[in-house]
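*Asks:* Starting off with a structure, shown below.
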Amino acid sequence: MKRILIIGGGLSGLTAAYTLEKNKTENVTWDLYEQAETFGGKFETVKRDGFLIEKGPDSFLARKEAGIQLVAELGLTDKLIANATGRSYIFHDGSLHPIPEGSVMGIPTDEKALLASSLLTEAGKERAILEKTLPYDSKNEDVSLGEFFEARFGHELVKRLVEPLLSGIYAGNIYEMSLRATFPQFEQAILKAGSLMEGLKTPSDAKMSTTGTKNTIGAFRTLAGGLSELPNELVRKLPKDHLHASKCASAIIKKGKSYEVQFSDGTTEEGDAILIAATHDALIKLLDNETTRPFQNRPLTTLATVSLAYDDEKRANLKEGTGYLVARTGNDETTACTWVHKKWPHMVPDGKMLLRGFVGKSGENLVSTKSDDELIHIVLNNYKKMMHLNETPLFAEVSRMEHAMPQYDVGHSLRLSAFRKNLAASYPRVEFAGMSYNGVGIPDCIRTAKESANQLLNEVEMID
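Going by full-length UniProt numbering, the letters in the sequence shown line up with residues 1 to 464, in that order.
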């Protein structure tokens, strides 16, 4: 009997286990080990006083097929809910400014809407529109998103419109984030149409969607009872005797043709193949230094969300829309706010209001140094300035995600390729999946977990 060991019981690990259970032969078995007391990783949905509060991920992109496909396989399609559409705003210089119509991930495609925007100065608008006339030199080396967009649109548009959107997705610094590892579609759009403004006018051609405008298609999906239903349903579908909680792996030792996994409680398990379903810091802990060298000293950003429930939505006097992002032109601690009662009305009782604020930026330690009460105080102070909201909330829910978000810095693809080569040479039949490698989104994690699981199935079948 061949045995595959999975380390990590978040979405990637559970998806890998589900894939193995569905596709394995009678000659293969598997076991999953999770260091926490429960499975599901960063997913956590809280039900409180009629409110549905996401303390982890709250949705996933529908256009990436892996998420929708897994939901269908699990029999949850009838529970899918699309986000309500509406304007999003950028907070800059004391005011909320609508994102210009036709923007795609912050990149303008509608010249008339850009010229009418209150977000940019006249000089900033003129510089941005020049993008349509600029030649593009496709270089062999990777560049940062910030460098790429400033060359196309100028500094002002990047700082006030592009950076809040793209930094928010990865909780990163766009002047360090890799263009080709995060959004290769942008470069492809220029090569196809001659400019970004032209190439993104049909977002589907670039596998993108308009963002934060009143005409935005509901691009995101969640589940009626909260997104934690996704990992919970995976757990329900899997045999319980193969799921092992409170088991923290500390090392992987190669022993002939097999592997020994050592755990912090002093126990060991032996397997023919291993799938490490975790961010790269787990790889560094479990494997030797030479193999993991490409990922050593690579950062993980700490984030927090603060959800505030209110008794009466009318007292807030919010604009029509679903929330805002904060331009990195000031010293504000929060980076975004979702008006949950407008974006996901099923999550909030009628007439009530739920605001979800985001705190944490690449390169800073604010979240790590503040208590929950201090974080709530910071968010409330930001809301007074940004939304003129002085009401006292009914309650607050704080969620901390320590060292949670990997940074796809310039050169990420080369580092990943080097690591794959090292791993194949030193640890045959060891695979990996998770947020650190081929995309941070839920569908990306599902897709790569399935691919890695199936790869190991093929490899263990060939062992003599």
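All residues carry an ideal CB built from backbone N, CA and C; glycine is no exception.
Secondary structure at M347, three-state DSSP: helix, strand or coil?
*Replies:* In the sequence shown, counting from the first residue as 1, residue 347 sits at position 347. M347 falls in the helix class under three-state DSSP.
*Asks:* Measuring alpha carbon to alpha carbon, tell me which of I90, E233, A113 and F91 ends up nearest P100.
*Replies:* For this step, residue 100 is matched to residue 100 along the sequence shown. Per the Cα distances, A113.
*Asks:* With DSSP collapsed to three states, give me the class of N215.
*Replies:* Position 215 of the sequence shown, counted from the first residue, corresponds to residue 215. Residue placement at N215 is poorly supported in this model, since its pLDDT is 46, which falls under 50; the coordinates still yield a value, given next. Note: N215 maps to coil in three-state DSSP.
*Asks:* Using a threshold of 8 Å, state whether the C-beta atoms of V367 and T334 are closer than that.
*Replies:* Indexing the sequence shown from 1 puts residue 367 at position 367. Indexing the sequence shown from 1 puts residue 334 at position 334. Not closer than 8 Å, so no.
*Asks:* Taking only runs that begin and end inside the stretch 331–400, name each unbroken beta strand (DSSP E) of 3 or more residues, in chain order.
*Replies:* Segments of the beta strand (DSSP E) lying fully in the stretch 331–400: 334–339 and 353–359.
*Asks:* Please determine if the stretch 423–443 and the stretch 54–73 are in contact, where contact requires at least 3 C-beta pairs separated by less than 8 Å.
*Replies:* Counting Cβ pairs under 8 Å, three or more are found: they touch.
*Asks:* By DSSP, does K112 sit in helix, in strand, or in coil?
*Replies:* Residue mapping note: residue 112 aligns to position 112 of the sequence shown, counting from 1. Three-state DSSP puts K112 in a helix.
*Asks:* Between L11 and I446, is the Cβ-Cβ spacing less than 8 Å?
*Replies:* Along the sequence shown, one-based indexing puts residue 11 at 11. Along the sequence shown, one-based indexing puts residue 446 at 446. Going by C-beta atoms, L11 is nearer than 8 Å to I446.
*Asks:* Can you tell me whether A206 is helix, strand or coil according to DSSP?
*Replies:* Position 206 of the sequence shown, counting from 1, holds the residue named residue 206. Confidence is the limiting factor: at A206 the pLDDT is only 49, short of 50, which leaves the residue's position unreliable and the question unanswerable from this model.
*Asks:* Could you spell out the range, first to last residue, of the beta strand (DSSP E) harbouring R160?
*Replies:* As a first step, residue 160 is located in the sequence shown; it is residue number 160 there, counting from the start. Segment: none, R160 is in no beta strand (DSSP E) and carries neither H nor E.
*Asks:* Is it buried or exposed, Q407, if we count other Cβ atoms within 10 angstroms and call 16 or more buried?
*Replies:* Locating residue 407 in the sequence shown gives position 407, counting from the first residue. Burial call: buried.
*Asks:* Check each candidate in D312, S436, E65 and P164 and name the one with the smallest Cα separation from H97.
*Replies:* For the purposes of this step, residue 97 is taken as the residue at position 97 of the sequence shown. That would be P164, whose Cα lies nearest to the Cα of H97.
*Asks:* Is the stretch 119–139 in contact with the stretch 249–261, if contact means three or more CB pairs nearer than 8 Å?
*Replies:* Judged by Cβ distances under 8 Å, the stretch 119–139 makes no contact with the stretch 249–261, as fewer than three pairs qualify.
*Asks:* What's the call for D373, buried or exposed, on a 16-neighbour Cβ count within 10 Å?
*Replies:* Counted from its first residue, the sequence shown places residue 373 at position 373. Answer is exposed; the Cβ neighbour count stays below 16.
*Asks:* May I ask you to verify whether the stretch 310–327 touches the stretch 160–176, counting CB pairs closer than 8 Å and requiring at least 3?
*Replies:* The stretch 310–327 is in contact with the stretch 160–176.
*Asks:* Nearest CA to the CA of D288: which residue from L145, L457 and S426?
*Replies:* In the sequence shown, residue 288 corresponds to position 288, counting from 1. Here the closest residue by C-alpha is S426.
*Asks:* Could you round the C-beta distance between F358 and L303 to whole angstroms and report it? I think they count as a contact, below 8 Å.
*Replies:* Position 358 of the sequence shown, counted from the first residue, corresponds to residue 358. Position 303 of the sequence shown, counted from the first residue, corresponds to residue 303. That pair is a contact at about 7 Å.
*Asks:* To the nearest angstrom, how far is the alpha carbon of E459 from that of R429?
*Replies:* The residue given as residue 459 occupies position 459 in the sequence shown. The residue given as residue 429 occupies position 429 in the sequence shown. Whole-angstrom Cα-Cα distance: 7 Å.
*Asks:* With H, G and I counted as helix, E and B as strand and the rest as coil, what does DSSP make of K192?
*Replies:* Here residue 192 refers to the residue found at position 192 when the sequence shown is read from its first residue. K192: helix per DSSP, three-state reduction.
*Asks:* Per DSSP, which residues does H97 bridge with? Please list them.
*Replies:* Counted from its first residue, the sequence shown places residue 97 at position 97. According to DSSP, which records beta bridges pairwise, H97 is partnered with I90.
*Asks:* In this structure, does DSSP put R236 in helix, strand or coil?
*Replies:* Here residue 236 corresponds to residue number 236 of the sequence shown, with the count starting at 1. Three-state result, R236: helix.
*Asks:* Taking only three categories from DSSP, how would you classify L303?
*Replies:* Indexing the sequence shown from 1 puts residue 303 at position 303. Of the three classes helix, strand and coil, the one that applies to L303 here is strand, per DSSP.
*Asks:* So what's F60 in DSSP terms, helix, strand or just coil?
*Replies:* Here residue 60 refers to the residue found at position 60 when the sequence shown is read from its first residue. Three-state result, F60: strand.
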